[in-house]
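> Have a look at the structure that comes next, please.
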Amino acid sequence: PAEPYGGIDTPENIDKRWEEAVASGKIKTTWQREAVVLARYSRSLILTFLLQYSLTVTSVFTVGHIGKLELGAVSLASMSANITGYAVYQGLATSLDTLCAQAYGSGNRTLVGLQLQRMVYFLWVITIPIALIWTSGPRIIGAIVPDPATANLAGRYLQVLICGAPGYAAFEAGKRFVQAQGRFSATLIVLLVCAPLNVFLHWLFVWKLQWGFIGAPIAVVTIENLMPLCLFLYVRFVGGSECWGGFTRLAFKNWMPMIKLALPGLVMVLAEYLAFEILTLSASWISPTHLATQSVLSTISSITYQIPFPISIAASTRIANLIGATLSDAAKVNAKVSLYAALIVGIFNMVLLSSTREYIPRLFTNDADVIALTAKTLPLNAAFQLFDSIAALCNGILRGLGRQEIGGYVNLFAYYVIAMPISFGTGFGLHWDLYGLWAGPAIALGIVAAVEGWFIYTTSWEKAVEEAQERNSQGNA
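Okay, structure coming up:
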(Lines of atoms letter the chains of each structure in order from A and count residues from 1; the text may use other names and numbers.)
(Lines give C-alpha, C1' and ligand atoms only; values in the text may rest on other atoms or scores of the structure.)
Protein backbone atom coordinates (compact mmCIF):
# COMPACT_ATOMS: atom_id res chain seq x y z
CA PRO A 1 0.00 0.00 0.00
CA ALA A 2 0.99 3.63 -0.53
CA GLU A 3 0.62 4.38 3.17
CA PRO A 4 1.65 2.41 6.29
CA TYR A 5 -1.07 0.49 8.09
CA GLY A 6 -3.32 2.93 9.94
CA GLY A 7 -2.32 5.91 7.82
CA ILE A 8 0.77 8.08 7.45
CA ASP A 9 3.20 7.65 10.36
CA THR A 10 2.82 11.13 11.79
CA PRO A 11 3.47 11.56 15.52
CA GLU A 12 -0.29 12.03 16.01
CA ASN A 13 -1.17 8.73 14.26
CA ILE A 14 1.54 6.80 16.07
CA ASP A 15 0.33 8.21 19.38
CA LYS A 16 -3.28 7.37 18.54
CA ARG A 17 -2.46 3.77 17.59
CA TRP A 18 -0.44 3.30 20.78
CA GLU A 19 -3.37 4.56 22.88
CA GLU A 20 -5.76 2.24 21.05
CA ALA A 21 -3.43 -0.73 21.64
CA VAL A 22 -3.19 0.08 25.36
CA ALA A 23 -6.97 0.49 25.60
CA SER A 24 -7.57 -2.86 23.89
CA GLY A 25 -5.13 -4.61 26.22
CA LYS A 26 -2.81 -5.68 23.37
CA ILE A 27 0.14 -3.96 25.04
CA LYS A 28 0.86 -2.51 28.48
CA THR A 29 1.97 1.04 29.03
CA THR A 30 5.45 1.80 30.37
CA TRP A 31 6.79 4.43 32.73
CA GLN A 32 8.68 5.96 29.80
CA ARG A 33 5.45 6.24 27.82
CA GLU A 34 3.56 7.80 30.73
CA ALA A 35 6.42 10.23 31.35
CA VAL A 36 6.16 11.41 27.73
CA VAL A 37 2.37 11.80 28.00
CA LEU A 38 2.70 13.69 31.29
CA ALA A 39 5.34 16.01 29.83
CA ARG A 40 3.21 16.67 26.74
CA TYR A 41 0.13 17.47 28.81
CA SER A 42 2.04 19.55 31.36
CA ARG A 43 4.01 21.85 29.07
CA SER A 44 0.85 23.53 27.72
CA LEU A 45 -0.76 23.64 31.16
CA ILE A 46 2.21 25.31 32.86
CA LEU A 47 2.15 28.14 30.31
CA THR A 48 -1.65 28.29 30.58
CA PHE A 49 -1.63 28.72 34.36
CA LEU A 50 1.19 31.28 34.27
CA LEU A 51 -0.76 33.32 31.71
CA GLN A 52 -3.98 33.04 33.71
CA TYR A 53 -2.12 34.11 36.86
CA SER A 54 -0.87 37.15 34.94
CA LEU A 55 -4.46 38.36 34.46
CA THR A 56 -4.74 39.27 38.16
CA VAL A 57 -1.15 40.49 38.52
CA THR A 58 -1.69 42.98 35.66
CA SER A 59 -4.27 44.86 37.75
CA VAL A 60 -1.89 45.07 40.71
CA PHE A 61 1.00 46.35 38.57
CA THR A 62 -1.18 48.83 36.65
CA VAL A 63 -3.09 50.29 39.58
CA GLY A 64 0.02 50.28 41.78
CA HIS A 65 1.42 53.11 39.66
CA ILE A 66 -1.57 55.33 40.53
CA GLY A 67 -0.79 55.44 44.25
CA LYS A 68 -0.42 53.58 47.55
CA LEU A 69 -4.13 53.82 48.34
CA GLU A 70 -5.11 52.26 45.02
CA LEU A 71 -2.45 49.54 45.33
CA GLY A 72 -3.74 48.55 48.76
CA ALA A 73 -7.34 48.59 47.51
CA VAL A 74 -6.72 46.40 44.44
CA SER A 75 -4.68 43.91 46.52
CA LEU A 76 -7.47 43.74 49.09
CA ALA A 77 -10.15 43.39 46.40
CA SER A 78 -8.20 40.64 44.61
CA MET A 79 -7.77 38.73 47.87
CA SER A 80 -11.49 39.07 48.66
CA ALA A 81 -12.51 38.02 45.14
CA ASN A 82 -10.25 34.96 45.34
CA ILE A 83 -11.65 33.74 48.65
CA THR A 84 -15.33 34.46 48.02
CA GLY A 85 -15.53 33.82 44.28
CA TYR A 86 -12.69 32.58 42.09
CA ALA A 87 -11.48 29.88 44.51
CA VAL A 88 -15.09 28.72 44.87
CA TYR A 89 -15.47 28.32 41.10
CA GLN A 90 -12.09 26.59 40.79
CA GLY A 91 -12.79 24.22 43.68
CA LEU A 92 -16.27 23.21 42.52
CA ALA A 93 -15.15 22.79 38.90
CA THR A 94 -12.50 20.24 39.95
CA SER A 95 -15.27 17.62 40.04
CA LEU A 96 -15.11 17.71 36.22
CA ASP A 97 -11.49 16.52 36.47
CA THR A 98 -13.12 13.27 37.54
CA LEU A 99 -16.49 13.27 35.75
CA CYS A 100 -15.49 14.52 32.28
CA ALA A 101 -12.17 12.67 32.13
CA GLN A 102 -13.63 9.33 33.27
CA ALA A 103 -16.56 9.71 30.85
CA TYR A 104 -14.14 10.42 28.00
CA GLY A 105 -11.95 7.46 28.96
CA SER A 106 -14.97 5.16 28.94
CA GLY A 107 -15.79 6.20 25.36
CA ASN A 108 -19.03 7.96 26.35
CA ARG A 109 -18.30 11.21 24.51
CA THR A 110 -21.66 12.97 24.84
CA LEU A 111 -21.62 12.45 28.63
CA VAL A 112 -18.60 14.78 28.72
CA GLY A 113 -20.72 17.60 27.27
CA LEU A 114 -23.64 16.78 29.55
CA GLN A 115 -21.43 17.03 32.65
CA LEU A 116 -20.11 20.36 31.36
CA GLN A 117 -23.64 21.75 31.07
CA ARG A 118 -24.52 20.62 34.59
CA MET A 119 -21.43 22.28 36.02
CA VAL A 120 -21.97 25.58 34.18
CA TYR A 121 -25.57 25.81 35.43
CA PHE A 122 -24.48 24.85 38.95
CA LEU A 123 -21.75 27.53 38.99
CA TRP A 124 -24.21 30.13 37.70
CA VAL A 125 -26.54 29.29 40.58
CA ILE A 126 -23.60 29.70 42.98
CA THR A 127 -22.93 33.10 41.35
CA ILE A 128 -26.09 34.50 42.99
CA PRO A 129 -24.76 34.44 46.60
CA ILE A 130 -21.30 35.47 45.34
CA ALA A 131 -22.85 38.50 43.62
CA LEU A 132 -24.72 39.42 46.81
CA ILE A 133 -21.46 39.32 48.78
CA TRP A 134 -19.61 41.41 46.19
CA THR A 135 -22.49 43.91 46.02
CA SER A 136 -22.04 44.47 49.76
CA GLY A 137 -18.26 44.71 49.27
CA PRO A 138 -17.76 48.28 50.58
CA ARG A 139 -19.74 47.51 53.73
CA ILE A 140 -18.16 44.09 54.42
CA ILE A 141 -14.57 45.22 53.76
CA GLY A 142 -15.23 48.42 55.72
CA ALA A 143 -16.04 46.31 58.78
CA ILE A 144 -12.64 44.59 58.55
CA VAL A 145 -10.30 47.29 57.24
CA PRO A 146 -9.94 50.44 59.37
CA ASP A 147 -9.21 52.82 56.45
CA PRO A 148 -12.59 53.80 54.89
CA ALA A 149 -11.05 55.10 51.63
CA THR A 150 -9.26 51.81 50.94
CA ALA A 151 -12.35 49.79 51.87
CA ASN A 152 -14.58 51.86 49.58
CA LEU A 153 -12.26 51.51 46.57
CA ALA A 154 -11.85 47.76 47.14
CA GLY A 155 -15.63 47.38 47.45
CA ARG A 156 -16.24 49.25 44.19
CA TYR A 157 -13.71 46.97 42.47
CA LEU A 158 -15.67 43.91 43.68
CA GLN A 159 -18.98 45.37 42.52
CA VAL A 160 -17.66 45.75 38.96
CA LEU A 161 -16.28 42.17 39.01
CA ILE A 162 -19.86 40.83 39.34
CA CYS A 163 -20.33 41.38 35.60
CA GLY A 164 -17.47 38.99 34.82
CA ALA A 165 -18.38 36.22 37.27
CA PRO A 166 -20.65 34.18 34.92
CA GLY A 167 -17.99 34.28 32.20
CA TYR A 168 -15.23 33.22 34.60
CA ALA A 169 -17.42 30.35 35.83
CA ALA A 170 -18.12 29.17 32.28
CA PHE A 171 -14.40 29.29 31.42
CA GLU A 172 -13.41 27.26 34.51
CA ALA A 173 -15.90 24.55 33.51
CA GLY A 174 -14.98 24.79 29.83
CA LYS A 175 -11.30 24.28 30.64
CA ARG A 176 -12.10 20.88 32.13
CA PHE A 177 -14.21 19.98 29.09
CA VAL A 178 -11.29 20.36 26.67
CA GLN A 179 -8.67 19.04 29.12
CA ALA A 180 -10.66 15.81 29.56
CA GLN A 181 -10.19 15.25 25.82
CA GLY A 182 -6.43 15.81 26.08
CA ARG A 183 -6.75 19.17 24.28
CA PHE A 184 -4.51 21.09 26.67
CA SER A 185 -3.41 23.56 23.99
CA ALA A 186 -6.97 24.91 23.70
CA THR A 187 -6.85 27.04 26.85
CA LEU A 188 -3.26 28.01 26.07
CA ILE A 189 -4.31 29.42 22.69
CA VAL A 190 -7.20 31.30 24.32
CA LEU A 191 -4.88 32.85 26.92
CA LEU A 192 -2.21 33.68 24.33
CA VAL A 193 -4.91 35.91 22.83
CA CYS A 194 -6.49 37.18 26.05
CA ALA A 195 -3.42 37.81 28.26
CA PRO A 196 -1.78 40.41 25.96
CA LEU A 197 -5.21 41.93 25.30
CA ASN A 198 -5.69 42.18 29.08
CA VAL A 199 -2.49 44.24 29.39
CA PHE A 200 -3.62 46.49 26.51
CA LEU A 201 -7.10 47.03 28.01
CA HIS A 202 -5.61 47.94 31.39
CA TRP A 203 -3.42 50.56 29.71
CA LEU A 204 -6.35 51.79 27.58
CA PHE A 205 -8.92 52.09 30.36
CA VAL A 206 -6.71 53.18 33.26
CA TRP A 207 -4.30 55.54 31.47
CA LYS A 208 -5.31 56.36 27.88
CA LEU A 209 -9.02 56.96 28.57
CA GLN A 210 -8.14 58.21 32.08
CA TRP A 211 -10.77 56.12 33.85
CA GLY A 212 -8.29 55.60 36.66
CA PHE A 213 -8.78 52.92 39.31
CA ILE A 214 -12.18 51.74 38.06
CA GLY A 215 -10.71 51.02 34.62
CA ALA A 216 -8.83 48.01 36.01
CA PRO A 217 -11.87 45.91 37.02
CA ILE A 218 -13.62 46.89 33.76
CA ALA A 219 -10.64 45.46 31.86
CA VAL A 220 -10.76 42.29 33.99
CA VAL A 221 -14.50 41.84 33.38
CA THR A 222 -14.06 42.29 29.62
CA ILE A 223 -11.43 39.55 29.51
CA GLU A 224 -13.41 37.22 31.79
CA ASN A 225 -16.34 37.34 29.36
CA LEU A 226 -14.10 37.05 26.30
CA MET A 227 -12.29 33.87 27.48
CA PRO A 228 -15.29 31.48 27.35
CA LEU A 229 -16.29 32.95 23.99
CA CYS A 230 -12.81 32.25 22.58
CA LEU A 231 -12.90 28.74 24.03
CA PHE A 232 -16.29 28.14 22.39
CA LEU A 233 -14.88 29.27 19.03
CA TYR A 234 -11.94 26.88 19.47
CA VAL A 235 -14.24 23.92 20.16
CA ARG A 236 -16.55 24.88 17.30
CA PHE A 237 -13.93 25.41 14.60
CA VAL A 238 -10.73 23.63 15.75
CA GLY A 239 -11.64 20.56 17.80
CA GLY A 240 -13.53 19.12 20.75
CA SER A 241 -17.08 19.36 19.42
CA GLU A 242 -17.40 15.56 19.17
CA CYS A 243 -18.05 15.56 22.93
CA TRP A 244 -20.91 18.04 22.59
CA GLY A 245 -24.27 16.35 22.11
CA GLY A 246 -26.29 19.57 22.20
CA PHE A 247 -28.29 21.27 24.92
CA THR A 248 -30.53 18.92 26.89
CA ARG A 249 -32.97 19.05 29.79
CA LEU A 250 -30.98 16.25 31.42
CA ALA A 251 -28.49 18.95 32.42
CA PHE A 252 -31.00 20.27 34.97
CA LYS A 253 -31.34 16.88 36.67
CA ASN A 254 -29.16 14.46 38.62
CA TRP A 255 -26.77 17.03 40.09
CA MET A 256 -26.07 15.08 43.29
CA PRO A 257 -23.18 12.88 41.99
CA MET A 258 -21.52 16.07 40.73
CA ILE A 259 -22.10 17.95 44.00
CA LYS A 260 -20.71 15.03 46.04
CA LEU A 261 -17.40 15.47 44.21
CA ALA A 262 -17.60 19.27 43.92
CA LEU A 263 -17.92 20.10 47.63
CA PRO A 264 -14.80 18.17 48.77
CA GLY A 265 -12.97 19.70 45.79
CA LEU A 266 -14.02 23.13 47.05
CA VAL A 267 -12.69 22.31 50.53
CA MET A 268 -9.36 21.15 49.07
CA VAL A 269 -8.86 24.43 47.20
CA LEU A 270 -10.38 26.84 49.71
CA ALA A 271 -8.61 25.38 52.77
CA GLU A 272 -5.20 26.40 51.42
CA TYR A 273 -6.39 29.70 49.91
CA LEU A 274 -7.99 30.86 53.15
CA ALA A 275 -5.11 29.71 55.35
CA PHE A 276 -2.62 31.84 53.43
CA GLU A 277 -4.90 34.88 53.42
CA ILE A 278 -5.22 34.54 57.21
CA LEU A 279 -1.42 34.48 57.46
CA THR A 280 -1.16 37.60 55.28
CA LEU A 281 -3.58 39.46 57.54
CA SER A 282 -1.70 38.14 60.59
CA ALA A 283 1.60 39.49 59.23
CA SER A 284 0.08 42.98 59.25
CA TRP A 285 -0.19 42.73 63.05
CA ILE A 286 3.61 42.41 63.35
CA SER A 287 4.75 45.39 61.24
CA PRO A 288 4.39 46.95 57.78
CA THR A 289 7.79 45.46 56.87
CA HIS A 290 6.59 41.97 57.80
CA LEU A 291 3.39 42.49 55.78
CA ALA A 292 5.38 43.57 52.72
CA THR A 293 7.70 40.57 53.14
CA GLN A 294 4.74 38.22 53.50
CA SER A 295 3.29 39.64 50.26
CA VAL A 296 6.59 38.95 48.46
CA LEU A 297 6.82 35.41 49.87
CA SER A 298 3.19 34.66 48.94
CA THR A 299 3.74 35.95 45.41
CA ILE A 300 6.88 33.81 45.02
CA SER A 301 5.00 30.74 46.25
CA SER A 302 2.10 31.46 43.89
CA ILE A 303 4.47 31.68 40.93
CA THR A 304 6.39 28.48 41.77
CA TYR A 305 3.04 26.69 42.35
CA GLN A 306 2.24 27.24 38.67
CA ILE A 307 4.57 24.31 37.88
CA PRO A 308 3.41 21.46 40.19
CA PHE A 309 -0.29 22.37 40.01
CA PRO A 310 -0.55 22.03 36.19
CA ILE A 311 1.33 18.73 36.47
CA SER A 312 -1.30 17.59 38.98
CA ILE A 313 -4.06 18.57 36.50
CA ALA A 314 -2.30 16.60 33.75
CA ALA A 315 -1.92 13.57 36.05
CA SER A 316 -5.54 13.84 37.21
CA THR A 317 -6.83 13.90 33.62
CA ARG A 318 -4.63 11.03 32.46
CA ILE A 319 -5.45 8.84 35.48
CA ALA A 320 -9.19 9.54 35.15
CA ASN A 321 -9.06 8.72 31.41
CA LEU A 322 -7.33 5.39 32.16
CA ILE A 323 -9.68 4.57 35.05
CA GLY A 324 -12.65 5.34 32.79
CA ALA A 325 -11.17 2.96 30.20
CA THR A 326 -10.86 0.27 32.96
CA LEU A 327 -7.03 0.33 32.71
CA SER A 328 -6.19 0.34 36.41
CA ASP A 329 -2.61 -0.95 35.95
CA ALA A 330 -1.80 1.83 33.48
CA ALA A 331 -3.32 4.39 35.87
CA LYS A 332 -1.04 3.13 38.66
CA VAL A 333 2.01 3.50 36.42
CA ASN A 334 1.04 7.09 35.62
CA ALA A 335 0.52 7.87 39.32
CA LYS A 336 4.03 6.65 40.15
CA VAL A 337 5.59 8.64 37.31
CA SER A 338 3.63 11.74 38.38
CA LEU A 339 4.81 11.47 41.98
CA TYR A 340 8.43 11.25 40.85
CA ALA A 341 7.84 14.30 38.63
CA ALA A 342 6.40 16.22 41.60
CA LEU A 343 9.41 15.25 43.71
CA ILE A 344 11.82 16.50 41.03
CA VAL A 345 9.91 19.79 40.62
CA GLY A 346 9.77 20.30 44.39
CA ILE A 347 13.52 19.77 44.75
CA PHE A 348 14.17 22.10 41.79
CA ASN A 349 12.03 24.88 43.32
CA MET A 350 13.67 24.35 46.72
CA VAL A 351 17.22 24.59 45.34
CA LEU A 352 16.34 27.55 43.10
CA LEU A 353 14.86 29.66 45.91
CA SER A 354 17.59 28.74 48.39
CA SER A 355 20.42 29.59 46.01
CA THR A 356 18.90 32.88 44.81
CA ARG A 357 17.49 34.13 48.13
CA GLU A 358 19.75 37.22 48.05
CA TYR A 359 18.61 38.21 44.55
CA ILE A 360 14.90 37.34 44.23
CA PRO A 361 13.65 39.95 46.79
CA ARG A 362 15.27 42.74 44.72
CA LEU A 363 12.88 41.94 41.87
CA PHE A 364 9.95 43.00 44.07
CA THR A 365 11.19 45.94 46.12
CA ASN A 366 14.02 48.39 46.79
CA ASP A 367 13.32 48.53 50.54
CA ALA A 368 16.45 47.25 52.34
CA ASP A 369 14.52 45.93 55.37
CA VAL A 370 12.06 43.96 53.23
CA ILE A 371 14.91 42.55 51.11
CA ALA A 372 16.82 41.41 54.22
CA LEU A 373 13.78 39.85 55.91
CA THR A 374 12.69 38.09 52.70
CA ALA A 375 16.19 36.66 52.18
CA LYS A 376 16.21 35.44 55.79
CA THR A 377 12.81 33.70 55.48
CA LEU A 378 13.24 32.26 51.97
CA PRO A 379 15.08 29.07 53.09
CA LEU A 380 11.96 27.98 55.02
CA ASN A 381 9.80 28.99 52.06
CA ALA A 382 12.11 26.90 49.86
CA ALA A 383 11.66 23.81 52.06
CA PHE A 384 7.90 24.43 51.88
CA GLN A 385 8.11 24.04 48.06
CA LEU A 386 8.98 20.34 48.27
CA PHE A 387 5.90 19.46 50.35
CA ASP A 388 3.70 21.82 48.31
CA SER A 389 4.65 20.06 45.07
CA ILE A 390 4.01 16.53 46.38
CA ALA A 391 0.75 17.54 48.10
CA ALA A 392 -0.53 19.18 44.89
CA LEU A 393 0.19 15.99 42.95
CA CYS A 394 -1.50 13.78 45.57
CA ASN A 395 -4.59 16.01 45.37
CA GLY A 396 -4.55 15.56 41.58
CA ILE A 397 -4.34 11.76 41.82
CA LEU A 398 -7.28 11.75 44.25
CA ARG A 399 -9.32 13.78 41.75
CA GLY A 400 -8.44 11.28 39.04
CA LEU A 401 -9.64 8.47 41.29
CA GLY A 402 -12.80 10.37 42.26
CA ARG A 403 -11.80 10.42 45.94
CA GLN A 404 -11.90 14.17 46.58
CA GLU A 405 -13.47 13.64 50.00
CA ILE A 406 -10.19 12.18 51.31
CA GLY A 407 -8.33 15.31 50.22
CA GLY A 408 -11.03 17.52 51.73
CA TYR A 409 -10.81 15.90 55.17
CA VAL A 410 -6.99 15.79 55.18
CA ASN A 411 -6.59 19.42 54.06
CA LEU A 412 -9.10 20.71 56.61
CA PHE A 413 -7.40 18.83 59.44
CA ALA A 414 -3.87 19.74 58.37
CA TYR A 415 -4.50 23.47 57.94
CA TYR A 416 -6.94 24.28 60.72
CA VAL A 417 -6.13 21.72 63.42
CA ILE A 418 -2.34 21.62 62.86
CA ALA A 419 -1.10 24.59 60.81
CA MET A 420 -3.00 27.54 62.29
CA PRO A 421 -2.22 26.74 65.97
CA ILE A 422 1.47 26.19 65.10
CA SER A 423 1.63 29.41 63.07
CA PHE A 424 0.05 31.57 65.77
CA GLY A 425 1.85 29.79 68.61
CA THR A 426 5.31 30.13 67.09
CA GLY A 427 4.73 33.40 65.24
CA PHE A 428 3.27 35.35 68.15
CA GLY A 429 3.72 33.17 71.25
CA LEU A 430 7.41 32.37 70.64
CA HIS A 431 7.96 35.59 68.64
CA TRP A 432 9.41 33.77 65.62
CA ASP A 433 7.45 36.25 63.50
CA LEU A 434 7.32 35.24 59.79
CA TYR A 435 9.40 32.14 60.42
CA GLY A 436 6.70 31.00 62.82
CA LEU A 437 3.83 31.92 60.50
CA TRP A 438 5.36 29.86 57.67
CA ALA A 439 6.22 26.90 59.90
CA GLY A 440 2.53 25.94 60.19
CA PRO A 441 1.77 25.57 56.45
CA ALA A 442 5.09 23.80 55.86
CA ILE A 443 4.24 21.16 58.47
CA ALA A 444 0.62 20.97 57.24
CA LEU A 445 1.68 20.27 53.65
CA GLY A 446 4.08 17.60 54.89
CA ILE A 447 1.13 15.93 56.65
CA VAL A 448 -1.09 16.28 53.55
CA ALA A 449 1.60 14.71 51.34
CA ALA A 450 2.23 11.84 53.78
CA VAL A 451 -1.41 10.96 54.55
CA GLU A 452 -2.69 11.28 50.97
CA GLY A 453 0.38 9.45 49.66
CA TRP A 454 -0.33 6.55 52.04
CA PHE A 455 -3.98 6.45 50.97
CA ILE A 456 -2.98 6.36 47.28
CA TYR A 457 -0.44 3.61 47.99
CA THR A 458 -3.02 1.42 49.76
CA THR A 459 -6.08 2.19 47.61
CA SER A 460 -7.81 -0.43 45.46
CA TRP A 461 -7.48 0.75 41.87
CA GLU A 462 -9.83 -2.00 40.68
CA LYS A 463 -12.51 -0.60 42.99
CA ALA A 464 -11.86 2.86 41.53
CA VAL A 465 -12.65 1.41 38.08
CA GLU A 466 -15.95 -0.01 39.38
CA GLU A 467 -16.85 3.33 40.98
CA ALA A 468 -16.09 5.12 37.70
CA GLN A 469 -18.38 2.75 35.78
CA GLU A 470 -21.16 3.37 38.29
CA ARG A 471 -20.55 7.13 38.12
CA ASN A 472 -20.79 7.11 34.32
CA SER A 473 -24.02 5.11 34.37
CA GLN A 474 -25.51 7.56 36.90
CA GLY A 475 -24.41 10.50 34.75
CA ASN A 476 -26.56 9.36 31.84
CA ALA A 477 -29.67 9.23 34.01
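First residue of the sequence shown: 393, per the numbering used here; consecutive thereafter.
Heads up, the beta-carbon is just placed ideally off N, CA and C, and yes, glycines get one too.
Give the single residue among L671, I651, Y445, T757 whose Cα lies nearest to the Cα of G828.
Nearest C-alpha to G828: L671.
> For the candidate residues A764, G738, S674, whose alpha-carbon lies nearest to that of G821?
Of the listed residues, the one whose Cα sits closest to G821 is S674.
> Measure the alpha-carbon distance for L508 versus H457 and round it to whole angstroms.
Roughly 40 Å between the two C-alpha positions.
> Where does Q866 sit, in a helix, a strand or coil, going by DSSP?
Here Q866 sits in helix by DSSP.
> Does the Cβ-Cβ distance between L430 and N726 come in under 9 Å?
Cβ atoms of L430 and N726: closer than 9 Å.
> Measuring alpha carbon to alpha carbon, tell me which of G819, A493, P813, I475 ends up nearest A723.
Checking every option, the nearest Cα to that of A723 belongs to A493.
> Taking the alpha-carbon positions, what's the V449 to V455 distance?
If you take the alpha carbons of V449 and V455, they lie about 10 Å apart.
> Within this structure, are the beta carbons of N758 and L689 separated by less than 9 Å?
Cβ distance not < 9 Å, so N758 and L689 don't count as in contact.
> Using only alpha-carbon positions, find the residue among W595, L666, L770 that is nearest to L346.
The structure shown has nothing for residue 346, since the chain only spans 393 to 869.
> What distance in whole Å lies between the Cβ atoms of S730 and W853, which are believed to be in contact at a cut-off of 8 Å?
With a Cβ gap of about 14 Å, W853 and S730 do not count as contacting.
> Pick out the complete alpha helix (DSSP H) segments inside the stretch 646–694, 4 residues or longer, and give them in chain order.
Those alpha helix (DSSP H) runs which fall completely within the stretch 646–694 and span 4+ residues are 648–675.
> Going by beta carbon distance, what residues of the same chain come within less than 8 Å of L662, once the five residues before and after it are set aside?
If we look at L662 and ignore the five residues flanking it on each side, its Cβ neighbours are I475, A479, V480, G483.
> My guess is that M660 and G800 are in contact by the Cβ rule of under 8 Å, so how many angstroms apart are they, rounded?
Right, the Cβ-Cβ distance comes to about 5 Å (below 8 Å), so this counts as a contact.
> According to DSSP, is Y849 part of a helix, a strand, or is it coil?
Here Y849 sits in helix by DSSP.
> Near S434, which residues of its chain fall below 6 Å by C-beta distance, leaving aside the five closest residues on each side in sequence?
Result list for S434: P702, I703, A706, in chain order.
> Indicate whether at least one CB of chain B lies closer than 9 Å to the CB of I739.
Here there is only one protein chain, and chain B is not present.
> Near I606, which residues of its chain fall below 7 Å by C-beta distance, leaving aside the five closest residues on each side in sequence?
Closer than 7 Å at Cβ, skipping near neighbours: R548, V552.
> Given a cut-off of 9 Å on the beta-carbon distance, is the pair S694 and V737 in contact?
No, Cβ-Cβ distance for S694 and V737 is not below 9 Å.
> Would you give the residue range spanned by the alpha helix (DSSP H) that D489 belongs to?
Here the alpha helix (DSSP H) through D489 covers 487–498.
> Just to confirm the assignment, what range does the alpha helix (DSSP H) spanning S781 have?
Unbroken alpha helix (DSSP H) run through S781: 760–793.
> Assign D721 to one of three DSSP states: helix, strand, or coil.
The answer is helix: DSSP assigns D721 an H, G or I state.
> How is E858 classed by DSSP in three states: helix, strand or coil?
The answer is helix: DSSP assigns E858 an H, G or I state.
> Whole angstroms is fine: what's the gap from I518's alpha carbon to A784's?
Looking at the two C-alpha atoms, the distance is approximately 25 Å.
> Closer than 8 Å by C-beta to Y445: which residues in its own chain qualify, once you throw out the five before and the five after it? Chain order, please.
Taken in chain order, the residues that qualify are S694, I695, Q698.
> In three-state DSSP terms, what is W636?
Here W636 sits in coil by DSSP.
> Determine the direct distance from the alpha carbon of G657 to that of M812, and round the result to whole angstroms.
When rounded, the distance between both Cα atoms is 21 Å.
> Does the stretch 618–633 come close enough to the stretch 557–570 to have 3 or more Cβ pairs within less than 8 Å?
Contact between the stretch 618–633 and the stretch 557–570 is present, because at least three Cβ pairs lie under 8 Å.
> Find the nearest neighbour of G566 within the set M511, L593, P609, A541, judged by alpha-carbon distance.
For the residues M511, L593, P609, A541, the minimum Cα distance to G566 belongs to M511.
> By Cβ distance below 8 Å, which residues in the same chain neighbour C776 in space, the five residues on each side in sequence not counted?
Correcting the residue identity first, residue 776 is Phe in this sequence and not Cys. S693, W830, P833, A834, L837, listed in sequence order.
> Give the range of the alpha helix (DSSP H) segment to which Q571 is assigned.
Run containing Q571: 557–572, per the alpha helix (DSSP H) assignment.
> Would you decide whether W846 is buried or exposed? Buried here means 16 or more other CB atoms lie within 10 Å of its CB.
The residue in question, W846, is exposed, as its Cβ has fewer than 16 Cβ neighbours within 10 Å.
> Quick test of your reading: S472 and L550, contact by CB under 8 Å. State the CB separation rounded to the nearest angstrom.
Rounded, the Cβ-Cβ distance is 6 Å, consistent with contact.
> Apart from the five residues on each side of it in sequence, which residues of its chain come closer than 7 Å, Cβ to Cβ, to A841?
Closer than 7 Å at Cβ, skipping near neighbours: F779, I782, A783, C786.
> When we look at the beta-carbon of N741 and count the other beta-carbons within 10 Å, is it buried (16 or more) or exposed?
Answer is buried; the Cβ neighbour count reaches 16.
> Please state whether the Cβ-Cβ distance between A611 and S451 is less than 9 Å.
Going by C-beta atoms, A611 is nearer than 9 Å to S451.
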